Each structure stands twice: as structure tokens, then as C-alpha cells.
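Student: Okay, here's the structure, questions in a sec.
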Amino acid sequence: MKNILKIVFLGVVGFGLLVYFTAPKNPNPVKKNYSKGDITLDSFPRFFDVVSKGEYTKFQDLFTGGKQYLVVLNHDGLAVFKDLHKYTNKDIILVANIVNTPWLIQKLAVDGKLEELFKDSKIPLINDSKGLIANILDIKDRNQNSYIVYEINDKNINKLFTSKVKLNALQDGVTQEEIKNSIEEFLEKL
């Protein structure tokens, strides 16, 4: 019995060390040399992991140079905004802000869940698992049910508003009526 407990304990410790040493480091903060309100697309990466396409996408394929909206979704917003393409034709880009999710959980569950939720969406969803976009936009709000909307005019990015969706929508589920109400509220503010 003692040998079995030793083996189990060593296995758990070994697995913990494996995860610790193989997990990617947190990204270095982007050094910002602009004042508040002067955020531009020039600070953004040149390639993005777009979930609905299942591949990396070039910057110029997403950001067309006209008026667009960028919606940074925390955890629960992902369950609500999966059907946004059914309600609007506006040029919108969604960002999955999942940087607070532990690395192992991201690899085992979150990436697959994002693909499942947005497989039919016509609106691109950027997987921001490393937090690059959230860092560039200096997003401090990490509440799981909040989202932040930005307007892009040419290369300038301006924050429009912050709002919330149903708490625990991703884990507990959300009805079509709740999705419709949240999206209509979002479109009214837009």
C-alpha cells in the first residue's frame, strides 16, 4: 500500500513539474508609446489565429481600412455572441480574451469549445490566448461576463462602451431568448 501511494504521489509531482516546465511564458507587456485614445492598428500583430477559419489569417485580410467594430469577449460573452452573424451585417471582428484561462485547460478544452461554438459564424473570431490584443488595448476588466466594444476608423481605435452578458452563460448555458436580448442590447448601443 505504501508503494502505491509513493507511486501516485511521484506521478502527481512529475505531472505538475511537466506542466510547469512546458507551459509557455506569459507574454511580455507591449510597451506603449501613445497616450490614451491614440491606439492604432499599427500596434497589432500581423497574423491572427482565427477560429472559424482554423488557420492563421493575415492582418490585411481582417482589417480592411474602413469603419469596423472590434468586440473583445471575455469567457461568458463567447456563448452569447456565437449567433451575432444572424442579427447584423456590420463589419465586426470578435476577440476571445481567454488569457486568464490556465494553459493546460486552454489546450485541452477551450480551443475545441471555441471551434464548436463558432463553426457556423460568418464573423471572424480571433483566439487571443496569449493576451496580445488585450495587452495592446490595455484591458484591465477580466470579469468573465463582460465585453468591450471598440470602433476602428481607418487605423485609429476608440473605445465605445463596456457591457455584460448573463453570468456563467458558458457553463450553465443560455437560452435563445437571452441571446437575442443581449445581442439586441449590444446593437442598440452600437
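Here the sequence shown is numbered in this note's numbering, starting from 1 and rising by one per residue. Using N, Cα and C, we set each Cβ at its ideal position, and we do this for glycine too. Bear in mind the structure is a predicted one, so any value in this text is a computation, not a measurement.
(1) Relative to the C-alpha of GLU184, which candidate in LEU160, THR88, ARG142 and LYS159 has its C-alpha closest?
(2) Drop a sphere of 10 angstroms on the beta-carbon of ASP138, count the other beta-carbons inside from all chains shown, and report buried for 16 or more, exposed for fewer.
(3) May I have a chain-ordered list of the alpha helix (DSSP H) segments no shorter than 4 residues that lie completely inside the region 30-118?
(4) I believe SER43 touches ILE148 by the beta-carbon criterion, under 8 Å. Please report the beta-carbon distance rounded to the nearest angstrom.
(5) Cβ atoms of GLU188 and TYR69: under 7 Å apart, would you say?
(6) What would DSSP say about VAL174, mapped onto helix, strand or coil?
(7) CA-CA distance, ALA96 and ILE126?
(8) Once DSSP output is grouped into helix, strand and coil, what is the label at ASN156?
(9) Where does the unbroken alpha helix (DSSP H) through ASN3 begin, and where does it stop?
(10) Do ASN145 and LYS122 have their beta-carbon atoms positioned less than 7 Å apart in this structure?
Tutor: By the coordinates alone:
(1) Answer by Cα proximity: THR88.
(2) Its Cβ having fewer than 16 others within 10 Å, ASP138 is exposed.
(3) Listed in chain order, the alpha helix (DSSP H) elements of length 4 or more contained wholly in the region 30-118 are 59-62, 77-80 and 111-117.
(4) In fact, because the Cβ distance is near 16 Å, the residues do not count as touching under 8 Å.
(5) Cβ atoms of TYR69 and GLU188: not closer than 7 Å.
(6) Correct three-state label for VAL174: coil.
(7) When only Cα atoms are considered, ALA96 and ILE126 end up about 6 Å apart.
(8) ASN156 falls in the strand class under three-state DSSP.
(9) Here the alpha helix (DSSP H) through ASN3 covers 2-22.
(10) Taking C-beta atoms as the reference points, LYS122 and ASN145 fail to come closer than 7 Å.
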